[in-house]
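Take 2 as the starting number for the sequence shown in the numbering used here and just add one per residue. Below is one structure, written out as structure tokens; comments come after it.
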Amino acid sequence: MNTSIDIQHLCDLAHKAFNAPVHILSADRKILYHSTSDNVCSPFYSSKEEHLSDIYQENDPCNLPLFRSNNYLENFVLIHIENHDDIKGTIIIGPTIHPKDSDDMIIKFQKEFKSNDNIQERLAYYQCLSEIKKTTLIDMGILLHYMIFNEKLDVDIVLEKNKVLEEVPNKIVKPDLYILKRRQNKPKTHNMALVNDFFSTIKEGNKKS
């Protein structure tokens, strides 16, 4: 049963509660409303709508919290909303990141960006993102779903459905991202010496790295 919802107020409450950007997109992927602490745009996309549209997948299920990552190590939770009187479109929490100073981020910077200025620009962008674990993002999505539909979801079922949705398309279409996600989902020890050396080099402007 649908209850009347002030969607903009819900968006603001979710942003304050989660300390993460919250966007509402129309069915044609236009931003209808957003609630953010700062309106920093990603240096990897030409527009915010392109940025957020990148996490959509063909045949996404509706009314289910979906965890997504993009090629730039950013994480999101989105809910495509269907059959609701007050909300039509998609609510997206994110971008967020976890962990911030990871080996994966360093390796990606070193491979893709030769200029120290480019690395600093992207590093500054990442430092603006909220650091939130995947499991916490899923919990956020479940809470948001409850606020919208007044319906309880089992976290284990949501995680299992997301696992199935993540593995099949990424394994086939985005093998590099699939491998990265598998690494992120397994506990690992980060090479903190590499992390500290890299960030020290960036701060000092040493281009020899």
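Backbone N, C-alpha and C fix where the C-beta goes; we use that ideal spot for every residue, glycine too. This structure is a prediction, so every number in the text was calculated from the model and none was measured.
Closest by C-alpha distance to residue i, when choosing among the options
i	options	result
LEU138	ALA125, GLU75 and GLU83	GLU75
ILE25	ALA18, LEU67 and ILE8	ILE8
PHE45	ILE149, ASN72 and LYS164	ASN72
LEU69	ASP61, ILE88 and VAL78	According to the sequence displayed, residue 69 carries Arg and not Leu. For the residues ASP61, ILE88 and VAL78, the minimum Cα distance to ARG69 belongs to VAL78.
Cβ separation of residue i and residue j, assumed to be a contact under 8 angstroms, to the nearest whole Å
i	j	result
HIS146	ILE80	6 angstroms
GLU132	HIS99	5 angstroms
VAL23	ILE94	6 angstroms
SER163	LEU67	Ser is not the amino acid found at residue 163; the sequence shown has Asn there. Right, the Cβ-Cβ distance comes to about 6 angstroms (below 8 angstroms), so this counts as a contact.
HIS85	ILE143	The pair is not a contact, with the Cβ atoms about 17 angstroms apart (cut-off 8 angstroms).
Residue(s) in a DSSP beta bridge with residue i
i	result
LEU26	ILE32 and THR91
SER131	THR97
Exercise. Fully enclosed by the segment 33-82, which beta strand (DSSP E) runs are 3 residues long or longer?
Worked result: Runs found: 67-70 and 76-82.
Exercise. So does the segment 34-47 actually touch the segment 3-13, counting three or more Cβ pairs closer than 8 angstroms?
Worked result: yes
For this session: Count the CB pairs spanning the segment 147-160 and the segment 121-132 that are closer than 8 angstroms, and state whether there are at least three.
Result: no
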